[in-house]
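In what follows, a single structure is set out as structure tokens and then discussed.
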Amino acid sequence: MRLVIALGGNALLRRGEAMTADNQRDNVRVACQQIAKVAPGNELVIAHGNGPQVGLLALQGNAYDAANPYPLDVLGAETEGMIGYMIEQELGNLLPFEVPFATLLTQVEVDSADPAFKKPSKPIGPVYTKAEAERLAAEKGWNIAPDGDKFRRVVASPRPQRIFEIRPIKWLLEKGSVVICAGGGGIPTMYDGNQLRGVEAVIDKDLCSALLAEQLNADLLVIATDVDAAYLDWGKPTQKSIAKAHPDEIEKLGFAAGSMGPKVQAACEFARNTGNSAVIGSLENIEAIVQGTSGTRVTVDCNGVVYR
1 MRLVIALGGN ALLRRGEAMT ADNQRDNVRV ACQQIAKVAP GNELVIAHGN
51 GPQVGLLALQ GNAYDAANPY PLDVLGAETE GMIGYMIEQE LGNLLPFEVP
101 FATLLTQVEV DSADPAFKKP SKPIGPVYTK AEAERLAAEK GWNIAPDGDK
151 FRRVVASPRP QRIFEIRPIK WLLEKGSVVI CAGGGGIPTM YDGNQLRGVE
201 AVIDKDLCSA LLAEQLNADL LVIATDVDAA YLDWGKPTQK SIAKAHPDEI
251 EKLGFAAGSM GPKVQAACEF ARNTGNSAVI GSLENIEAIV QGTSGTRVTV
301 DCNGVVYR
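Take the sequence shown: its position 287, counted from the start at 1, is 287 in the UniProt record's numbering, and no numbers get skipped.
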């Protein structure tokens, strides 16, 4: 199979965990141990989130008073290199030496008229208490929003329109390479006349991964996050794990815009547009997800919603 595996930024740096290189590498290693199990006989494309990582780089940049901080598109490019390097190294240590790897800086076009620019919603950076978030918002002019029982900075998250590097990604797959691309939803860009430029935004990783998987004719889209499935009534005594669902039916259930919502939307779009399946599940369960025994499978072959 041709697999597109999208690793969540919060799965690579877990909630409340110190944002150190060692912690990130430990989590990347867990992901790679799972990915290595499904590599034999399959074509692999790995995308990843970067919300915590790009937020940390933004904080570090704000601490430097001698110059304006780097914009989010540049920070996105930095995180693609940083996380791609770790994935290449950790997965390369597990797969045969002959398996080639490539990490591609991936530019993704967005629309300047996208309404997301007027309503920032994409969480980046660490979680804060309400008091901390309000202080930082006042000091730095940030938009903040709830994230569970905490708060995070939010920025514009326009929809991905076009992946500029889709042709070299296909060429690399044809040569048997494991491709790491579209990190953090890709580097947000738009045309100013006939000139392409970066944009101060963060594209949703899951929506970009769905577009990537569709354009690559992937057999399966795996959306790996820090929970084992999508749940109805998450966090309530009535919560139920969803085993599989038709895209039309799971969309009716309603999921949080800042967390599970985009994952469900991405899974639905991929399933509808291709007729293939997308699965949402835990990073530690990637092998079981590919085998069909874990996660929430979104497929047009299912009638309604099936709970575990």
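Ideal Cβ placement from N, Cα and C applies to all residues, glycine included.
Whose C-alpha, out of the options, is nearest the C-alpha of residue i?
i      : options                           : result
GLY55  : ALA201, THR296, VAL222 and GLU165 : ALA201
ASN194 : ALA267, GLU109 and GLU88          : GLU109
TRP171 : PHE101, ALA230 and GLY125         : PHE101
ILE5   : SER209, CYS268, GLY261 and ASP228 : SER209
ASN42  : VAL305, VAL290, ILE223 and ARG308 : VAL290
PHE151 : PRO126, LYS175, GLY141 and ASP26  : PRO126
VAL222 : ALA116, GLY16, ASN50 and PHE270   : PHE270
ILE35  : LEU3, ALA21, MET19 and GLY16      : LEU3
VAL298 : ILE46, ALA243 and VAL45           : ALA243
LEU232 : ASP26, VAL264 and GLN24           : VAL264
ASP73  : ALA182, PRO96, ALA133 and LEU44   : ALA182
TRP142 : THR293, ALA133 and GLY92          : ALA133
CYS268 : LEU220, GLU284, LEU104 and SER241 : LEU220
ASP192 : ASN285, SER112 and TYR128         : SER112
SER157 : TYR70, ALA257 and VAL306          : ALA257
ARG29  : LEU12, VAL38, MET19 and LEU44     : LEU12
PRO40  : ASN50, MET1 and ASN23             : MET1
ALA77  : ASP228, VAL155, GLY184 and PRO115 : GLY184
MET82  : ALA245, GLY176, ILE286 and GLN53  : GLN53
ASP228 : VAL279, GLU165 and MET190         : VAL279
GLN161 : GLY261, THR189 and ARG135         : THR189
Determine the DSSP secondary structure at residue i, reduced to helix, strand or coil.
i           : result
ASN276      : coil
ALA47       : strand
ASP147      : strand
SER209      : helix
GLY55       : helix
ARG167      : helix
ARG297      : strand
VAL202      : coil
VAL74       : helix
VAL99       : coil
residue 390 : Residue 390 is absent from the model: the chain starts at 1 and stops at 308.
GLU214      : helix
ALA267      : helix
PHE117      : helix
Hey, quick one: how far does the alpha helix (DSSP H) through residue i stretch, first residue to last?
i      : result
GLN34  : 21 to 38
GLN107 : Looking at the DSSP string, GLN107 is not in any alpha helix (DSSP H); the run it does join, the beta strand (DSSP E), is 107 to 109.
LYS236 : Neither: LYS236 is in no alpha helix (DSSP H) and is coded neither H nor E.
ALA133 : 130 to 140
PRO247 : 247 to 250
Is residue i buried or exposed, if buried means 16 or more other CB atoms sit within 10 Å of its CB?
i           : result
residue 356 : Since the first residue of the chain shown is 1 and the last is 308, residue 356 is not available in this structure.
GLN60       : exposed
GLN239      : exposed
GLU90       : buried
PRO123      : buried
LYS140      : exposed
ALA224      : buried
LEU196      : exposed
ASP204      : buried
ALA131      : exposed
GLY16       : exposed
ALA21       : exposed
ASN303      : exposed
GLU174      : exposed
SER282      : buried
GLU98       : exposed
PRO120      : buried
THR129      : exposed
THR293      : exposed
ASP301      : exposed
GLU149      : Sequence inspection shows Asp at residue 149; the Glu mentioned does not correspond to that position. So ASP149 counts as exposed.
ARG167      : exposed
Could you name the residues that DSSP lists as bridge partners for residue i?
i           : result
PRO123      : VAL154
GLN195      : ASP192
SER241      : TYR231
SER282      : THR225
LEU220      : LEU3 and SER277
ARG162      : GLU109
residue 310 : Only positions 1 to 308 of the chain appear in this structure, which leaves residue 310 out of reach.
ILE187      : GLN107
Let's see if you can read the secondary structure: which residues bound the beta strand (DSSP E) around residue i?
i      : result
TYR307 : 305 to 307
LEU3   : 2 to 7
Regarding residue i and the ligand MG, is the C-beta to nearest heavy atom distance less than 7 Å?
i      : result
ALA210 : The model depicted lacks the ligand MG and carries no ligand whatsoever.
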